[in-house]
Structures are given as C-alpha cells and as structure tokens.
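Chains as they are written, first to last, in our numbering: chain A, 1137 to 1536; chain B, 1137 to 1536.
Where is the CB? At the ideal position from N, CA and C, for every residue including glycine.
Below: the structure, in structure tokens.
2 protein chains.
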Amino acid sequence: MSASVNQNYLKLNESYLFAEIARRIREWQSAHPELSSQLIRMGIGDVTRPLPKTVVDAMVKAAQEMGVAETFRGYGPEQGYDFLKTAIQSYYKKFGVELALDEIFISDGAKSDLGNILDLFDENNTVLVTDPVYPVYVDTNMMSGRKIIYAMSSEENGFLPLPAPEYRADIIYLCSPNNPTGAVYDREGLTKWVRFAQENNAILLFDAAYECFVTGDLPHSIYEIPGARDVAIEFCSFSKKAGFTGTRCGYTIVPDTLKRDGASLNKMWLRRQTTKFNGVSYITQRGAEAVFTESGEREIEENLQYYRDNAAIITETMDRLHIYYTGGKNSPYIWLKCPSDMDSWSFFDKLLNEAYVVGTPGAGFGKSGEKFFRLTAFSTHENTREAMARFEKLVQSMSL
Amino acid sequence: MSASVNQNYLKLNESYLFAEIARRIREWQSAHPELSSQLIRMGIGDVTRPLPKTVVDAMVKAAQEMGVAETFRGYGPEQGYDFLKTAIQSYYKKFGVELALDEIFISDGAKSDLGNILDLFDENNTVLVTDPVYPVYVDTNMMSGRKIIYAMSSEENGFLPLPAPEYRADIIYLCSPNNPTGAVYDREGLTKWVRFAQENNAILLFDAAYECFVTGDLPHSIYEIPGARDVAIEFCSFSKKAGFTGTRCGYTIVPDTLKRDGASLNKMWLRRQTTKFNGVSYITQRGAEAVFTESGEREIEENLQYYRDNAAIITETMDRLHIYYTGGKNSPYIWLKCPSDMDSWSFFDKLLNEAYVVGTPGAGFGKSGEKFFRLTAFSTHENTREAMARFEKLVQSMSL
C-alpha cells in the first residue's frame, strides 16, 4: 500500500497571471523609484468601498448576541438560516423568479460552490467554457480530470458566443455579466443556451456574481428564461453586490426540478453540503440579510453607483478614442481592444512604462484575449479620471 | 452527450441517526405531553456557552473596521491572515511543536477541510477508520468511491485500537480525543500509528477537534510524535475550544515536509484552497485571534471548566454504578456500556421512557457501538445533575 496523490493536480498549469503582473510592477518600480507614487492600479478585481452601515450594524448586533447565553447560536443549518433565504427569495421575485426556500443554499462564496458543485458530476463529463474565461472554471475541472472544450469569443460575436452543434458538452459554464469581458447576454442569447442544454441534456452552471450591475431589461438570473429550472444551477454572491469579498457570503440555487440519471441534484447538493460543510457564520448571515433592508439597499446602490460612475469615465474615454470594448455598461469590467493591434502583454508594458497605469492583459484569460485588455471600475473617481487622462494621451501619441 | 451524476452519491446510506432520535422523541412527546417539560437532552454535540467577551469585542471592532474606507478589507489571503496564523503558531509552541506559517491553513471549519482534503488523493486509495466512527469520515470517502476498512474498538482495547498487519490502508483517520468515545491516545499509542504510517507510506489524517479538553501529559497534536511531520495532516477547530460552532473557523496543518509521489501535499492543498476557496471572514479571523489573548484564554478556560464539571458529574455517576465507560476525563463525551447488556437503541428507549433523558445510541456510530451509549457534557450543570440522578435511579431499579 502507499498513499498516492490525485495525479490531475500535477497537470495543472501555474496560475501565473497575477504573479507575472506583480513581477513586472516590481521590476518597473525598482527601475523607476521616483515614479512609484504615480502608479494607478486599474486591474483591481476587488471592491474598495467599505461595507454599508446597515450591514455593519447588523453584524455588530449579531456578534453581541453571540456573547449572551439567551441569544447564542451554535451549529446552524448547513444550507443557511431561513431569515436569509427568505430575503433572497424576495429579491428573486423582483425578476419574476419564484424559488422555494429549499432551492436556496447559503455558502461562504460563489468560488467555493463553483468548485464544490463538481463533486456531483461524473468525471467523464465534458465541460464547455467560453473563452476568455475565469480561470477557476478550468482549474477546478482539470483537478478532476474532465475534458474541457472552448467556445471562442471575439469582436464578431461581441464576446457573447452562442451554442453551436460542435459543442458536444455535458456541463456548460456561463458567466453573465461576464468576467473578464463585462459582456451581458440578453434574453434571446440565454434562451438559446437553455434550449441547447435541454436538447443535449446538459447542465448549465450559471455564474451570476455580477448581476447587481445589470440595469434595464437584461436578465439578472438564468431562471428568468423559461425551461431553465430543468437545466441550470445558479451561483451568486454578496461580494460585488455588497462589498463582501472579505466578509464571505454567497448562495447557490439548485431547483427541486433539476434531475439527472433519476437523481435530484438538489438532494445531492444538500447531501454534499451537510457532509462537507457546516454553514456560514451566523454573524455574516445577519449582515447579508441586512443587504435587503430598505436602508441596506439604498447604501448598496450608492456604492454600486460609485463604481458605475468609474465605469462611465472609462467607457467615455474609449468612445472618444474609438476603441472597441465590451462591458462597462452593466459591469465593473471594461474589456478593450489593444490600440495599434498590440498584443496584450506588450500593451501592458507600454501602459505601465509610459502612463504608470496597471491593467490586466487579456491573454491571461485565454486565447481570445490575446489582443484585449481588462480595466476595472473599482478604483477611486480621482484615480480613474487621472488614469484615463494618461491613457488617452498615450493612445493619441501612438496614432500620431 | 448527457450530464451524468457522480454514481457514488447514489450508494450513500441515509444519515438517519439524528433523524431517528428526533422521530422517537416526537413520538414520546405526543404520547406523554404532560412529561415533555421534564425532557433533558444529553445527546447534544453542540456547545451551549456563549462566546467569550474578548472574542465578541474583537469581532465588533473588526465589523466596525469594515465599515470605514481606511480600514476596510476586501479579499484576504485564501489560507488566512498572518495575524491568526502567528497566534496558532505560538499555541503549538506550548506543546513543543514548531510550525512554519505556510504550514497553517485557516478555514471555515474542520468538517469542510476533512472533506475537501480528499481532493488531493487518488480515488483508488484504501481508507482505514476506527469503529465507532464520526460518520463524516465514511461518507466523504464513499462520495469518491474509496474502499473503506475498519479498525474495531472494544472494551478490550479501551476503544483505542492499535495498528495491525491486516490493516492494508493508504489513508488512516484518527480522532483523539475521540468522537464519539472520548478515548484519548497516549504518546505510545500515537507513536505506533506514526510508525505504521511510515512503514506503509500511508497518510494519517489526525482530527484534533477536541484537543482543548486534553489535560496532563497526553498529546494535543500528532506533531508531538517524532516523525509525524512526514506522515500526518492535522485538523483542528475553534468550535469546541471557543464555542465557534456557529461562528465557523478552523485550521489545517500540512507540513512542508509531507510529500507523496514526489509532490508536496502542502503545495497541493494551497492550490486546492486558492482555487476552490476564498478565505474566512476577516471578522471571524479577528475573533479567532482573540481566543489566544490573555483574557480570551481565561474566559475560554472558564467555559471549558464548565463542561468538564458536567463531565465529572457524569463520570462520578458511572463510577458509583460500576458502569464501564471511556472519555469524560479529557473529553466532553462519555461513552458508556449499556446496563444489563442491553443494545443501544433499547437503552435509548428505556432512558427516554423511564427517565425522560435523551442520549445517543452507540449503534449510530458503527458496529462496535451496538451495546454502548454516548452522553455529552454540553448541557447545564442543573440539567446534568438532574439527568444523572434519574439515570442512577433507573439503573439501580434495573439491577434489583
């Protein structure tokens, strides 16, 4: 006998994107110490606004309850407290989506659930991801040795690839609004994917982590599409909506009607979570509940508007420069075509060296990103304006 | 194509133990509504004392920091903040165990990590568990289709089974102090397991969730045993130590020196956690850090002493009645032999019907538990005393 490791881990690529960015910044800083203070980071994928007061107050109250015998809470339900599930249920009603409480599972974040959900599926299933892609979809499937195929995005399809007969896949990831492209599927696009999943008996894993940025008539939830309850699992999070990236709370919807091989995926997920998870902190769940109160919603909207204003500063710059981009309207991400047909790492270096601005090279998200670049709306107004002024000057100088 | 489910899930047994206990209590209550108020629950596996003031204060402060731009924290390190890892590092020094910070991984609890660690191992590995067993060890391995073998416990080995040549296993679970038996391995016993793992190139998964109840010279950590760094992963939690069952924080130690198939298990776990996990709430981590302050330690010791006093009330009763038991001395669990050679479910019914006291039938934890019964120290002093008075009266009446 001898313990042996999961060999799939040994085949994983190093996740070098952000490490490489950090390395190039360090190198630039040591070459130009006098310029370091002028560096503006527009590659941030993390929120920067503090938690809303209503959320903080709810967590302070909950923490104090935990210190008193009469209101102390021990183990809660692994799938979350009803008070929070009820608040989420009401939120979905705003989009016309009816959910039963037992279809809502509270977790410590969408990233955990996106990885852990794969426990439920056969390792021989083939996975389809859209390229460019959030690397977690790829790595988590490589860890269990699944075959991965790619639906390529491009300027031609507006970075919103649609189903094609050659996509022979059992599990399909969609992220809308998309990370990294910011592109958002409309009802027609999502309906095509739901029909495709129905026809192929596939499962859609729908990542709605950025739904809070959606405005107008675009769908927030896959369940706004008829038939989605029979093909889709939806992942969402308080990270971007309410600034919970360091507070950790998300939720996953597994419809009661979703079955494969005669098994209920809802019951399987319940079994997975009750066996390998012990629920989210009571304090955190009270904070998340407060997100849906009147004052909570108002305060959150102020933060979201702050980021939207940053996004508008960026998209206005792109519009003036006639640079092709997706996102920025219903997303904190702006995915732009590198000027002068540059590749993304060359443009990264140029922007760093000549404008002291950091973004994220599209190549880090897949082949379709090789000539694209991601900027984010999570900086301050001041820095966003200054970065865009420098960006504009740089691009204008390039076309002289 | 067609999405297919992980067939191993379909082979899982229903986890019916606590559901069946609840059913029998409901039945008894509807038959005897006049006695319901006299029911005392001694099967509780959850803490009941509130969080220490020092911990609450730290979490209140941290929640308030999250509401201010200057002190707001977004994504933290997936493997935990250094401030908490440093506190844990110092705690281990008290047992003479030196850990590097990158060997300590903070998580939302030992249950999550005990399940998720299996991602790192080949599915063809054979698993050894001691019987009676915490059901999570069995279910998580059944979910990935691993073969499971059992090391049987009994009065003869004091519910502390030792290695035997016929245990051909790659992964070995040990829980000490044990759930459900409360039995604690001494250095000699653990040394035998470490040697056995070395000889068989096996991995020890050491569950130290109850180490805070250990007194005297018994080991708190597997790393107190020479050689353990090359064979063992240790799981621990703030749940029982500091009442965090509803607050959720734990930690896992993966030594830098632990390698299999040429791969570092530390690096593999780091890759697993950075890919499928996003860290524990900053607020919770500040609460956990406070556990190790002077006032935190003092307040926690008061709570632990409260439970120890309950355990002593129970063990004194067993001693007077000359009932064989394990645990109670370095554990909140007392594992007793059912009086009059009764089977555990029959004794459950008798204790419920005649003394209005609820415990946990040993059969729920495996074959070795069929004539044993678990009582816990997590009730109040008053209820523990009253329950033991009734227990004593019942057992005395049985021997008349």
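query: When you check each C-beta in the region 1394–1416 of chain B against every C-beta of chain A, which residues fall closer than 8 Å?
result: When CB distances to chain A are screened at a threshold of 8 Å, the residues of the region 1394–1416 of chain B falling below it are Arg-1396, Asp-1397, Ala-1399, Leu-1401, Met-1404, Arg-1407, Arg-1408, Thr-1410, Thr-1411, Lys-1412, Phe-1413, Asn-1414, Gly-1415, Val-1416, in chain order.
- prompt: Comparing the CB of Ile-1389/B with every heavy atom of the ligand FMN, is any distance shorter than 8 Å?
  reply: Annotation note on the ligand FMN: not contained in the displayed structure, which lists no ligands.
- prompt: Within the 9 Å Cβ cut-off, does Asp-1445/A reach chain B?
  reply: Under the 9 Å criterion on CB atoms, Asp-1445/A is classed as non-interfacial with respect to chain B.
- prompt: Is Tyr-1418/A closer than 9 Å to Ala-1155/A when the C-beta atoms are compared?
  reply: The answer is no: Cβ separation not under 9 Å.
- prompt: Is the beta carbon of Ile-1339/A sitting closer than 9 Å to the one on Ile-1307/A?
  reply: Going by C-beta atoms, Ile-1339/A is nearer than 9 Å to Ile-1307/A.
- prompt: Would a check of beta-carbon distances place Phe-1466/A closer than 9 Å to chain B?
  reply: The sequence given here has Asn at residue 1466/A, not Phe. Answer no: the Cβ-Cβ gap between Asn-1466/A and chain B never drops below 9 Å.
query: Nearest chain A C-beta to Leu-1250/B closer than 9 Å, yes or no?
result: Closer than 9 Å to some Cβ of chain A, the Cβ of Leu-1250/B qualifies, so yes.
Selected residue, minimal CA-CA separation from Glu-1438/B, among Ala-1378/B, Met-1478/B, Gly-1415/B: If we check each option's Cα against that of Glu-1438/B, Ala-1378/B comes out closest.
- prompt: Is it the case that the Cβ atoms of Gly-1294/A and Leu-1511/A are separated by a distance below 9 Å?
  reply: Their beta carbons are not under 9 Å apart, which means Gly-1294/A does not touch Leu-1511/A by this criterion.
- prompt: Any idea which residues DSSP pairs Glu-1370/B with across the strands?
  reply: Under DSSP, Glu-1370/B forms a beta bridge with Phe-1342/B, Ile-1389/B.
field: Segment limits, alpha helix (DSSP H) that includes Phe-1509/B
entry: Not the alpha helix (DSSP H): Phe-1509/B falls in the beta strand (DSSP E), residues 1508–1512.
query: Roughly how many whole angstroms lie between the Cα atoms of Gly-1463/B and Ser-1312/B?
result: Between the alpha carbons of Gly-1463/B and Ser-1312/B lies a distance of about 10 Å.
- request: From the DSSP output, read off the bridge partner residues of Ser-1417/A.
  value: Answer is none; Ser-1417/A lacks a bridge partner.
query: Where do the N-terminal and C-terminal ends of the alpha helix (DSSP H) with Ile-1161/B fall, by residue?
result: 1153–1167 is the extent of the alpha helix (DSSP H) around Ile-1161/B.
field: Cβ of Pro-1391/B within 9 Å of any chain A Cβ
entry: It does not; no Cβ of chain A falls within 9 Å.
field: Straight-line gap, Val-1320/B to Phe-1508/B (C-alpha atoms, nearest Å)
entry: Distance between the alpha carbons of Val-1320/B and Phe-1508/B: 17 Å.
- prompt: When you check each C-beta in the region 1150–1168 of chain B against every C-beta of chain A, which residues fall closer than 8 Å?
  reply: Identification of residues in the region 1150–1168 of chain B having a C-beta nearer than 8 Å to some C-beta of chain A yields Ser-1151, given in sequence order.
- prompt: Where do the N-terminal and C-terminal ends of the beta strand (DSSP E) with Ser-1140/A fall, by residue?
  reply: No residue range can be given for Ser-1140/A, since it is assigned to no beta strand (DSSP E) and is classified by DSSP as neither H nor E.
Spatially closest choice to Asp-1267/A from Asp-1353/A, Leu-1171/A, Ser-1482/A, Gly-1498/A, by CA coordinates: For Asp-1267/A, the nearest C-alpha among the options comes from Gly-1498/A.
Buried versus exposed call for Ala-1236/B [16 or more other C-beta atoms within 10 Å across all chains shown]: Per the 10 Å Cβ criterion, exposed.
- request: Could you tell me which chain A residues have their CB closer than 7 Å to the CB of Leu-1146/B, listed as they occur along the chain?
  value: Residues of chain A with a Cβ closer than 7 Å to the Cβ of Leu-1146/B are, in chain order, Ala-1399.
- request: Using a Cβ cut-off of 9 Å (strictly closer), state whether Gln-1334/B contacts chain A.
  value: Not closer than 9 Å to any Cβ of chain A, the Cβ of Gln-1334/B fails to qualify, so no.
message: Just to confirm, is the Cβ distance from Tyr-1492/B to Ile-1176/B under 9 Å?
response: Yes, the pair counts as a contact, with Cβ atoms nearer than the cut-off.
field: Per-residue burial, Ala-1142/A [other beta carbons within 10 Å of its own, 16 or more giving buried]
entry: Note that residue 1142/A corresponds to Asn in the displayed sequence, not to Ala. So Asn-1142/A ends up on the buried side.
- request: Note down the Cα distance separating Cys-1385/B from Ala-1345/B, rounded to an integer number of angstroms.
  value: The C-alpha of Ala-1345/B is placed about 11 Å away from the C-alpha of Cys-1385/B.
- prompt: Which chain A residues are close to Thr-1388/B, counting only those with a beta carbon under 8 Å from its beta carbon?
  reply: None at all; the shortest Cβ gap to chain A is about 14 Å.
message: Distance check for Glu-1435/A and Glu-1347/A, CA to CA, integer angstroms please.
response: One alpha carbon belongs to Glu-1347/A, the other to Glu-1435/A, and they sit about 17 Å apart.
message: Could you compute how far the alpha carbon of Gly-1212/B sits from the alpha carbon of Glu-1163/A?
response: Between Gly-1212/B and Glu-1163/A, the C-alpha separation is close to 24 Å.
Simplified DSSP assignment, three categories, for Cys-1311/A: The three-state secondary structure of Cys-1311/A, taken from DSSP, is strand.
First and last residue of the uninterrupted alpha helix (DSSP H) at Phe-1241/B: Secondary structure note for Phe-1241/B: it is in no alpha helix (DSSP H), and the uninterrupted beta strand (DSSP E) holding it is 1240–1243.
query: Does Gly-1245/B have its Cβ less than 9 Å from a Cβ in chain D?
result: Among the protein chains of the structure shown, namely A and B, there is no chain D.
- prompt: How is Ser-1173/A classed by DSSP in three states: helix, strand or coil?
  reply: Helix.
query: Asn-1336/A and Arg-1365/A: beta carbons closer than 9 Å?
result: Not in contact: Asn-1336/A and Arg-1365/A (Cβ atoms no closer than 9 Å).
message: Using beta carbons (cut-off 9 Å, strictly below), is Met-1195/B in contact with chain A?
response: Yes, Met-1195/B lies at the interface with chain A (some Cβ there is under 9 Å from its Cβ).
- request: State the Cα-Cα distance for the pair His-1168/B and Leu-1487/B, rounded to the nearest angstrom.
  value: For His-1168/B and Leu-1487/B, the distance between alpha carbons rounds to 14 Å.
- prompt: Just the Cα atoms here: how many angstroms apart are Thr-1411/A and Pro-1271/B?
  reply: So the alpha carbons of these two residues sit roughly 9 Å apart.
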